[in-house]
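Below is one structure, written out as structure tokens, with a few remarks after it.
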Amino acid sequence: MKRCFFLLRGVLTLLVLGMLVTSAWASDALMDRMADFDPSNPVVPKGDTIKIGHLNPFSGPAAMNGELYHIALHWVAHDLNKQGGVMVDGKLKKIEIIKGDTMSKPINAKKAAERLILGDKVDLLWGSTGSHISLVCQQTAAKYKKIYVSALSISDSLMDAENFNRYTFHTPWTTSQAAKSLAYFYAKRPEKKFYILCQDYSFGHALAEKFKGYLKEFRPDAEIVGEDYHPLFTKDFAPYLEKIKASGAEVIFSGDWMPDSVNLLKQSRDSGLNLPFANMYMDDPITLGVVGVEGSAGLVNANQYMINDMDPRTRELNKVWNHLHDSKWEEPYNSSLYVWPLGVVASAINTTYWMMDVVERAGSTDPEKIIATWEGDKYNSFAGVLEMRACDHVTVRDTYVSEFSHPAKWFDNFSYIDKIVTVPSYVVEPPLPEGLDRCKK
Amino acid sequence: MDATTAMYVGQIMHGLAYGMLLFLVASGLTLIFGMMGILNLAHASFFMLSAYFCVSVIHMGGNFWLALLAAPIITAVIGVMVERFLLRGIHASGHIGELILTVGVMMVIMEAVQVFWGTDSHMISVPSALAGMVNIFGLQYPLYRLFVIFLALAILGLLVLFLFKTKMGMIIRAGVSDAEMVEALGINMPLVFMMVFAAGTWLAGVAGVAISPLLSVFPGMADQMGMDAFVVVVVGGFGSLLGAFVSALFFGLLNSFGIQFLPRIAPVLMFVFMVLVLSFKPKGLFGERE
Numbered sequence: 001m002k003r004c005f006f007l008l009r010g011v012l013t014l015l016v017l018g019m020l021v022t023s024a025w026a027s028d029a030l031m032d033r034m035a036d037f038d039p040s041n042p043v044v045p046k047g048d049t050i051k052i053g054h055l056n057p058f059s060g061p062a063a064m065n066g067e068l069y070h071i072a073l074h075w076v077a078h079d080l081n082k083q084g085g086v087m088v089d090g091k092l093k094k095i096e097i098i099k100g101d102t103m104s105k106p107i108n109a110k111k112a113a114e115r116l117i118l119g120d121k122v123d124l125l126w127g128s129t130g131s132h133i134s135l136v137c138q139q140t141a142a143k144y145k146k147i148y149v150s151a152l153s154i155s156d157s158l159m160d161a162e163n164f165n166r167y168t169f170h171t172p173w174t175t176s177q178a179a180k181s182l183a184y185f186y187a188k189r190p191e192k193k194f195y196i197l198c199q200d201y202s203f204g205h206a207l208a209e210k211f212k213g214y215l216k217e218f219r220p221d222a223e224i225v226g227e228d229y230h231p232l233f234t235k236d237f238a239p240y241l242e243k244i245k246a247s248g249a250e251v252i253f254s255g256d257w258m259p260d261s262v263n264l265l266k267q268s269r270d271s272g273l274n275l276p277f278a279n280m281y282m283d284d285p286i287t288l289g290v291v292g293v294e295g296s297a298g299l300v301n302a303n304q305y306m307i308n309d310m311d312p313r314t315r316e317l318n319k320v321w322n323h324l325h326d327s328k329w330e331e332p333y334n335s336s337l338y339v340w341p342l343g344v345v346a347s348a349i350n351t352t353y354w355m356m357d358v359v360e361r362a363g364s365t366d367p368e369k370i371i372a373t374w375e376g377d378k379y380n381s382f383a384g385v386l387e388m389r390a391c392d393h394v395t396v397r398d399t400y401v402s403e404f405s406h407p408a409k410w411f412d413n414f415s416y417i418d419k420i421v422t423v424p425s426y427v428v429e430p431p432l433p434e435g436l437d438r439c440k441k
Numbered sequence: 001m002d003a004t005t006a007m008y009v010g011q012i013m014h015g016l017a018y019g020m021l022l023f024l025v026a027s028g029l030t031l032i033f034g035m036m037g038i039l040n041l042a043h044a045s046f047f048m049l050s051a052y053f054c055v056s057v058i059h060m061g062g063n064f065w066l067a068l069l070a071a072p073i074i075t076a077v078i079g080v081m082v083e084r085f086l087l088r089g090i091h092a093s094g095h096i097g098e099l100i101l102t103v104g105v106m107m108v109i110m111e112a113v114q115v116f117w118g119t120d121s122h123m124i125s126v127p128s129a130l131a132g133m134v135n136i137f138g139l140q141y142p143l144y145r146l147f148v149i150f151l152a153l154a155i156l157g158l159l160v161l162f163l164f165k166t167k168m169g170m171i172i173r174a175g176v177s178d179a180e181m182v183e184a185l186g187i188n189m190p191l192v193f194m195m196v197f198a199a200g201t202w203l204a205g206v207a208g209v210a211i212s213p214l215l216s217v218f219p220g221m222a223d224q225m226g227m228d229a230f231v232v233v234v235v236g237g238f239g240s241l242l243g244a245f246v247s248a249l250f251f252g253l254l255n256s257f258g259i260q261f262l263p264r265i266a267p268v269l270m271f272v273f274m275v276l277v278l279s280f281k282p283k284g285l286f287g288e289r290e
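What follows is the structure in structure tokens.
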């Protein structure tokens with residue numbers, strides 16, 4: 001009996017040691033691969049490569065978006081290239097990223113997409129922020145029968161019966177998933193008076209409508225005590241905040257993105273309004289750093305990915321990314337915005353690994369082979385299982401909600417993600433698009 | 001004060017604060033137009049440039065007060081260089097050339113801020129001396145916004161004193177009326193033009209610094225402010241400082257109460273009002289020049 005015990009203890013010790021060594025090796029492996037990764041001056045392979053056209057604004061007021069996602073694409077490309085590349089058409093090919101500047105204008109997006117397809121002969125297109133821009137990109141890709149990975153815009157209408165095309169794959173969450181995640185979170189919370197303040201364009205209105213609908217479903221006694229839509233890039237939110245103060249609201253629901261999100265949050269805190277915002281984009285360190293620990297406490301953020309240490313892959317990613325940020329990266333990637341792989345950037349990295357995994361499994365960049373592989377595909381990503389719904393190419397996934405608190409693991413100077421509520425994919429699965437014949441079976 | 005009264009008083013105060021910021025930007029625009037006949041489309045870009053200088057001063061270890069002093073002066077120096085080395089050179093080719101040149105300057109500044117400061121949003125905290133709230137007859141109001149109102153009033157006072165109590169002010173007022181006649185009297189008008197351009201860009205610079213603790217500083221911040229300042233100047237009357245002041249205050253209040261009562265159409269109310277004013281008074285409310 002005693003011998004058995006010693007044997008068991010020995011086996012367990014070896015097992016733990018093995019795990020530690022494997023983990024250290026895996027971590028070092030990523031560290032080794034990414035050690036020379038410089039997002040400001042990425043290595044771009046030439047020759048017989050897999051060419052990916054990155055469509056985003058790289059100039060004009062929204063150029064920050066291009067910069068933000070370029071690091072995500074280059075991270076994946078660098079990592080896979082260091083492993084030899086991706087096996088397609090019987091040989092290992094490296095990944096080449098080529099920029100296409102949409103300048104945040106549909107006409108420029110179309111020109112950029114056509115230049116990438118016809119001039120640079122890209123194999124896949126990837127982009128873009130702004131649903132109206134992304135729509136043009138996916139229409140252009142379909143015209144030339146190229147795969148477009150709609151990785152950033154989240155409007156449900158992009159893949160509805162009117163706009164669906166089989167060359168486009170939608171990898172981020174959708175507006176309805178975001179709205180449903182927040183409504184689900186408030187199902188068991190004491191707050192029930194909501195004030196809606198969103199941007200005055202199709203996304204802001206669609207998000208608010210869906211939130212109201214889902215709130216009715218999850219929380220029938222909830223009350224919408226006010227509803228406003230402000231112009232994009234509003235300078236002075238004070239008149240809206242004054243109305244909110246007088247409304248008796250307990251929560252402000254806002255889908256604002258930068259710079260509106262940061263200005264809204266900052267001005268509300270400066271004017272003494274400390275209500276929680278139920279939001280999707282008030283999670284970046286620049287915004288939160290300005291309002292500090294108290295100003296950011298109680299913010300309720302929903303996201304498609306939240307930084308965590310629960311998966312060995314995210315642990316590794318966090319460690320390597322943070323080390324490179326602190327020790328190597330130069331402007332603009334040495335700012336606090338890039339201290340950790342957060343929210344939308346990490347999510348873009350995650351789904352880009354998925355995209356390249358699909359290409360490798362398809363064994364080709366041929367659009368038809370990629371379509372056949374990706375439709376219905378399930379991928380065990382570091383942000384949970386992602387499933388590409390075959391009929392409308394929308395990703396079914398878990399989503400996450402967190403109430404920011406302090407102290408939080410990732411940052412000292414403001415409240416941040418601590419406990420994460422997972423909203424299961426079966427709860428937030430987007431509704432099937434009405435009128436799309438492919439989904440009627 | 002009950003909640004409803006507090007809300008309306010709050011809206012008045014917010015309207016005044018925003019109106020004063022608009023005035024700071026519009027006053028420079030209207031001065032430059034009144035004096036030189038140039039519609040400076042790059043004016044709001046100088047406003048943005050000063051906000052970025054404010055960011056740099058603070059990042060280099062300075063504070064808000066130093067930024068308020070230094071950033072508008074640096075902006076004015078750049079304004080002087082634009083006037084001296086660019087605008088003056090094409091003055092002879094007429095206003096169309098000058099207009100196109102200011103568009104060029106606007107685009108250069110837009111790209112330059114992205115090159116030098118990047119595309120991220122930059123945040124400036126409210127200076128600690130002006131953080132927090134003050135009690136105004138029971139209304140809790142942000143101290144910094146009150147500061148903005150008084151800052152703009154102080155600058156307005158200085159401008160009025162300068163324009164109406166100094167010889168240079170007299171020359172400028174005469175220049176607004178008839179620049180050629182003033183030049184015929186032996187006044188060095190190119191020098192006066194340069195000074196007015198410097199003063200106009202300095203005013204935009206003060207507004208840029210004053211707005212920085214309220215807004216994030218990012219490459220698109222000039223767009224909407226430029227449009228609003230243009231409407232203020234059109235309605236107030238090109239070249240009229242009084243017109244700019246009255247119409248800026250009016251539009252500030254219109255913005256607040258528009259959002260309060262007609263939120264869906266609030267953003268277009270100022271344009272509707274501009275059309276109405278131009279229909280009945282093409283020179284604007286206080287303008288003398290079309």
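Protein chains in written order, with UniProt numbering: chain B, 1 to 441; chain F, 1 to 290. By construction, the Cβ of each residue, glycine as well, lies at the ideal position given by its N, Cα and C atoms. All of these numbers come straight from a predicted model, not from anything done at the bench.
Inter-residue Cα distance where the pair is residue i and residue j
| i | j | result |
| --- | --- | --- |
| M1(F) | G15(F) | 19 Å |
| A26(B) | E316(B) | Its pLDDT being 47, under 50, A26(B) is placed unreliably by the model, and the measurement read from it follows with that caveat. Rounded to the nearest angstrom, the two C-alpha atoms are 8 Å apart. |
| K212(B) | M64(B) | 31 Å |
| S104(B) | L118(B) | 21 Å |
| F33(F) | F286(F) | 14 Å |
| F271(F) | Q260(F) | 18 Å |
| E434(B) | A278(B) | 29 Å |
| L276(F) | V423(B) | 53 Å |
| L436(B) | L158(B) | 13 Å |
| S335(B) | K440(B) | 48 Å |
| S112(B) | S347(B) | One detail in the question is off: residue 112(B) reads as Ala in this sequence, not Ser. If you take the alpha carbons of A112(B) and S347(B), they lie about 24 Å apart. |
| H43(F) | P367(B) | 50 Å |
| G208(F) | L68(B) | 26 Å |
| M388(B) | T351(B) | 11 Å |
| M181(F) | A174(F) | 9 Å |
| G169(F) | F162(F) | 5 Å |
| L24(F) | D120(F) | 26 Å |
Residue closest to residue i, alpha-carbon to alpha-carbon, out of the options
| i | options | result |
| --- | --- | --- |
| E98(F) | F137(F), V246(F), M36(F), W117(F) | M36(F) |
| I98(B) | I420(B), D123(B), D221(B), K145(B) | D123(B) |
| L182(B) | S153(B), L432(B), V428(B) | V428(B) |
| P106(B) | G295(B), S157(B), S128(B), H132(B) | H132(B) |
| P430(B) | S296(B), A362(B), F404(B), S155(B) | S155(B) |
| V232(F) | G89(F), K283(F), V206(F) | K283(F) |
| H170(B) | L152(B), P285(B), G47(B) | L152(B) |
| A222(B) | Y186(B), D228(B), H205(B) | Y186(B) |
| F411(B) | Y353(B), D284(B), E250(B) | D284(B) |
| E191(B) | K210(B), Y167(B), P220(B), W173(B) | P220(B) |
| D228(F) | R88(F), Y18(F), G10(F), M110(F) | Y18(F) |
| S247(B) | L273(B), D256(B), N263(B), D260(B) | L273(B) |
Counterpart residues of residue i in DSSP-defined beta bridges
| i | result |
| --- | --- |
| A302(B) | V401(B) |
| Y229(B) | C198(B) |
| V113(F) | None, per the DSSP bridge assignment. |
| K146(B) | DSSP output for K146(B) lists no bridge partner at all. |
| N318(B) | Paired residue(s): none; N318(B) is not in a bridge. |
Exercise for review: Can you check the region 79-141 of chain B for any alpha helix (DSSP H) of at least 4 residues that lies completely inside it and give the ranges in chain order?
Suggested key: Taking only runs of at least 4 residues, the alpha helix (DSSP H) segments lying wholly in the region 79-141 of chain B are 106-114.
Review point. Going along the region 253-285 of chain B in order, which residues come within less than 8 Å of chain F, judged by CB to CB distance?
Key: Going along the region 253-285 of chain B in chain order, one finds M258, P259, V262, N263, K266, Q267, D270, S271, G272 with a Cβ nearer than 8 Å to chain F.
Exercise for review: Kindly provide the ranges of any beta strand (DSSP E) runs that are 3 or more residues long and lie completely inside the region 362-414 of chain B, ordered along the chain.
Suggested key: 378-381, 384-388, 399-403
Review point. If you measure beta-carbon to beta-carbon, which residues of the region 121-142 of chain F are closer than 7 Å to chain B?
Key: S121, M123, S125, V126, M133, Q140, P142
Review point. Between the region 3-37 of chain F and chain B, which residues of the former have CB atoms less than 7 Å from a CB of the latter, in chain order?
Key: A3, T4, M7, G10, Q11, H14, Y18
Point to revise | Interfacial residues, the region 320-346 of chain B to chain F, with Cβ spacing under 9 Å | key: E331, P332, S335, L337
**Study point:** Members of the region 103-120 of chain F that neighbour chain B once the beta carbon cut-off is set at 7 Å
**Key:** Q114, G118, T119, D120
Review point. What are the residues of the region 47-72 of chain B that lie near chain F, defined by any Cβ-Cβ distance shorter than 7 Å?
Key: P61, A63, M64, E67
Practice item. With 8 Å as the limit, tell me which residues of the region 284-306 of chain B have their beta carbon closer than that to any beta carbon of chain F; keep them in chain order. Key: Cβ contacts with chain F: I286, T287, G289, V290.
Review point. Using Cβ-Cβ distances below 9 Å, what residues of the region 59-78 of chain F are close to chain B?
Key: Those residues of the region 59-78 of chain F that come within reach of chain B (Cβ to Cβ, closer than 9 Å) do not exist; the list is empty.
Check your understanding: In chain order, which continuous runs of the beta strand (DSSP E) of length 3 or greater are located wholly inside the region 132-171 of chain F?
Key -> Complete beta strand (DSSP E) runs here, min 3: 133-136, 139-142.
Exercise for review: Using a Cβ-Cβ cut-off of less than 9 Å, list which residues of the region 407-436 of chain B approach chain F; keep chain order.
Suggested key: Flagged: no residues at all.
Review point. Where are the alpha helix (DSSP H) runs, 4 residues long or more, that stay fully inside the region 208-237 of chain F, in chain order?
Key: 221-236
Point to revise | Short-range partners of chain B found in the region 255-279 of chain F, where Cβ spacing is below 9 Å | key: Those residues of the region 255-279 of chain F that come within reach of chain B (Cβ to Cβ, closer than 9 Å) are N255, S256, F257, G258, I259, Q260, P263, R264, A266, P267.
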